[in-house]
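Structure first, then comments.
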Ligand code: SF4
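Residue numbers (this note's numbering), protein chains in the order written: chain H, 35 to 444; chain Z, 4 to 191.
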């Protein structure tokens, strides 16, 4: 592995190759970090033999913002907005995963209504993330229309987020032990209209891509990853399932009342770029199913834990009662009083398994917070997928992996 | 800001379909209506940048839908996202590859000031190494705010008068604010 930070390395490598390869068939080129077909700032150094890729070195870290270090300097609740910006295509799902992780540390269980609302959040995030993923993927291989159809629906998800939390996509909607607020009354009708319109868009995208000759030719049998390789590389999410491994954390270790929902886990057969596309499409349809069930069976009752040491008391009480005022003061200034311990919690995010490892020494601030970003692990498969393909297939492979650098570099 | 009157009709020439205007006005008008952006999508704000390009907000209404990923074909760099130290040099290099005249929009809190990332890895504002024309606040700014920022930039381009100084100072009223220093748009 060469030192990729050394920009001069490319020159010297090229010179060395020129000596070894007098007919000058081989060359080293640099792709990114600023490049239209990368989802974020990823630099890839390619070694080519003619048009064929014979070596790939991904270089990450261009979006390393120090999230984990920042987490050590603030209370658990203060870190919630930062989780929005991990996988910024699915902020709601990140919020839920983080809240669940801290709740596991605290050992609290939220009421059923809260769980259902969180399921709605997760599935909305999944839909919006996959829509954008497929839209950009199609744009990378040359079908721009899909992007506009997908973005049209995504705007409706943004509208839903706005009713829910007031922000278009940096939602910060969950709180430890509950939510920012209960579902606003206008949310459910809006969600139902959205659910009514979505299958048409999915069918439209389906019609534009699934049997599109150009799309199929550019993705079928490109970037094949076998099930064994996918497991060895630690892939999760749709990329793993496209390789034929039926593993979904929502089924394997159900959290947040997922065991009460009826849905299928789509898997691929070949593990190529086309399968990864098919799996994502099917996941959107399954998410619609889950959302229908969640809306139908949404329980009434409390939507946050009834523990003033964890969840902020209502404002009316804070203004009138001394005890509540003290609780509010303690939570805001010192944070929740977490017990010492070490936990790992992971949730099935649109991109894969998003995990949080929290090491607590007691008090309101984590001693260490490690984030397992699925994109980071999924990107490991890049050399395996690309070697042996043409350089123009790179865009299809990158698009089909559907990674987000915010979560990869953190 | 008062509307400039860049176009004048001369009755003697009307039959021959001639319009008289100042070179400045014509060139600035052409420049402002076909600003090709260089989308430096670095992080989350890039998603809102994409949304501005898509159907609902449609940046094409302002002549800026041609996102060019090659710096040599673009006029305005929209820095959307968190700029880390690792990325800063590359951003600057891309800026230098853009041909003049060129403008720069810092979209979002991160690009303007480092935003919520006050950490060891993040440059606290791209104005440390780029001459920013318009700052847009918000985390992320709504697409409407980006559009407003862009419209403001267009006004600035119209007011720039690249050729005005060749002759005499121009009598047309100019909003001084547009020429002096950067402009801040509230976008949250
Ligand atoms: S300003 Fe906010 S949304 Fe924009 S890049 Fe920074 S953190 Fe992300």
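Don't be surprised by glycine CBs; every beta carbon is placed ideally from N, CA and C.
What in chain H is Cβ-close to residue i, meaning under 8 Å?
{"i": "residue 138 (chain Z)", "result": "Simply none; closest approach about 19 Å."}
{"i": "residue 125 (chain Z)", "result": "99 and 100"}
{"i": "residue 89 (chain Z)", "result": "95, 96 and 98"}
{"i": "residue 145 (chain Z)", "result": "202"}
{"i": "residue 142 (chain Z)", "result": "204"}
Determine the contact status of residue i and residue j, defining contact as a CB-CB distance below 8 Å.
{"i": "residue 232 (chain H)", "j": "residue 187 (chain H)", "result": "yes"}
{"i": "residue 415 (chain H)", "j": "residue 256 (chain H)", "result": "no"}
{"i": "residue 116 (chain H)", "j": "residue 127 (chain H)", "result": "no"}
{"i": "residue 134 (chain H)", "j": "residue 370 (chain H)", "result": "no"}
{"i": "residue 75 (chain Z)", "j": "residue 132 (chain Z)", "result": "no"}
{"i": "residue 385 (chain H)", "j": "residue 441 (chain H)", "result": "yes"}
{"i": "residue 180 (chain H)", "j": "residue 168 (chain H)", "result": "yes"}
{"i": "residue 34 (chain Z)", "j": "residue 104 (chain Z)", "result": "yes"}
{"i": "residue 253 (chain H)", "j": "residue 307 (chain H)", "result": "yes"}
{"i": "residue 291 (chain H)", "j": "residue 153 (chain H)", "result": "yes"}
{"i": "residue 111 (chain Z)", "j": "residue 118 (chain Z)", "result": "yes"}
{"i": "residue 377 (chain H)", "j": "residue 149 (chain H)", "result": "no"}
{"i": "residue 310 (chain H)", "j": "residue 434 (chain H)", "result": "yes"}
{"i": "residue 45 (chain Z)", "j": "residue 91 (chain Z)", "result": "no"}
{"i": "residue 387 (chain H)", "j": "residue 270 (chain H)", "result": "yes"}
{"i": "residue 161 (chain Z)", "j": "residue 78 (chain Z)", "result": "no"}
{"i": "residue 99 (chain H)", "j": "residue 337 (chain H)", "result": "no"}
Indicate the three-state DSSP secondary structure (helix, strand or coil) for residue i in the structure shown.
{"i": "residue 410 (chain H)", "result": "helix"}
{"i": "residue 86 (chain Z)", "result": "coil"}
{"i": "residue 106 (chain Z)", "result": "strand"}
{"i": "residue 404 (chain H)", "result": "strand"}
{"i": "residue 435 (chain H)", "result": "helix"}
{"i": "residue 6 (chain Z)", "result": "With a pLDDT of 48 at residue 6 (chain Z), under the threshold of 50, the modelled position of that residue is not reliable, and no figure is offered here."}
{"i": "residue 24 (chain Z)", "result": "strand"}
{"i": "residue 137 (chain Z)", "result": "strand"}
{"i": "residue 65 (chain H)", "result": "strand"}
{"i": "residue 372 (chain H)", "result": "strand"}
{"i": "residue 125 (chain Z)", "result": "strand"}
{"i": "residue 80 (chain H)", "result": "strand"}
{"i": "residue 340 (chain H)", "result": "coil"}
{"i": "residue 208 (chain H)", "result": "strand"}
{"i": "residue 104 (chain H)", "result": "helix"}
{"i": "residue 220 (chain H)", "result": "coil"}
{"i": "residue 379 (chain H)", "result": "strand"}
{"i": "residue 60 (chain Z)", "result": "coil"}
{"i": "residue 317 (chain H)", "result": "helix"}
{"i": "residue 246 (chain H)", "result": "coil"}
{"i": "residue 174 (chain Z)", "result": "Any answer about residue 174 (chain Z) is weak, because its pLDDT of 48 lies below 50 and its placement is not dependable; what the coordinates show is given next. Residue state, collapsed to three classes: coil."}
{"i": "residue 312 (chain H)", "result": "helix"}
{"i": "residue 79 (chain Z)", "result": "strand"}
{"i": "residue 325 (chain H)", "result": "helix"}
{"i": "residue 119 (chain Z)", "result": "coil"}
{"i": "residue 421 (chain H)", "result": "coil"}
Taking Cβ-Cβ distances shorter than 8 Å, what residues in chain Z pair up with residue i?
{"i": "residue 115 (chain H)", "result": "119"}
{"i": "residue 122 (chain H)", "result": "46, 47 and 50"}
{"i": "residue 376 (chain H)", "result": "Correct list: empty, because the minimum Cβ distance to chain Z is about 24 Å."}
{"i": "residue 440 (chain H)", "result": "46 and 47"}
{"i": "residue 314 (chain H)", "result": "Per Cβ cutoff of 8 Å: no residues; residue 314 (chain H) is ~18 Å from chain Z at best."}
{"i": "residue 67 (chain H)", "result": "90 and 93"}
Using the beta-carbon of each residue, which ones in chain Z are nearer than 9 Å to residue i?
{"i": "residue 402 (chain H)", "result": "Going along chain Z, no residue has its Cβ under 9 Å from residue 402 (chain H), so there is no contact; the nearest lies around 16 Å."}
{"i": "residue 185 (chain H)", "result": "53, 54, 56, 57, 58 and 59"}
{"i": "residue 189 (chain H)", "result": "54, 57, 58, 59 and 60"}
Could you list which residues in chain H have their beta carbon closer than 7 Å to that of residue i, in chain order?
{"i": "residue 122 (chain Z)", "result": "99, 100, 103 and 104"}
Can you pull the chain Z residues whose beta carbon is under 7 Å from the beta carbon of residue i, in chain order?
{"i": "residue 14 (chain H)", "result": "One cannot answer for residue 14 (chain H) here, as it falls past the ends of chain H, which runs 35 to 444."}
{"i": "residue 182 (chain H)", "result": "57 and 58"}
{"i": "residue 75 (chain H)", "result": "45 and 90"}
Is there at least one non-hydrogen atom of the ligand MG closer than 7 Å to the beta-carbon of residue i?
{"i": "residue 85 (chain Z)", "result": "Annotation note on the ligand MG: not contained in the displayed structure, which lists the ligand SF4 as its ligands."}
Q: Identify each residue in the region 40-65 of chain Z for which the Cβ-Cβ distance to at least one residue of chain H is less than 8 Å, and report them in chain order.
A: 43, 44, 45, 46, 47, 49, 50, 51, 53, 54, 57, 58 and 59
**Q.** Within 7 Å of chain H by C-beta, residues of the region 73-97 of chain Z in sequence order
**A.** 85, 87, 89, 90, 93 and 97
Q) What residues from the region 244-271 of chain H come within 7 Å of chain Z, judged by C-beta to C-beta, listed N to C? A) none
**Q.** Within 7 Å of chain Z by C-beta, residues of the region 146-168 of chain H in sequence order
**A.** none
Q.
Using a Cβ-Cβ cutoff of 7 Å, what residues of the region 286-311 of chain H are near chain Z? List them in chain order.
A. none
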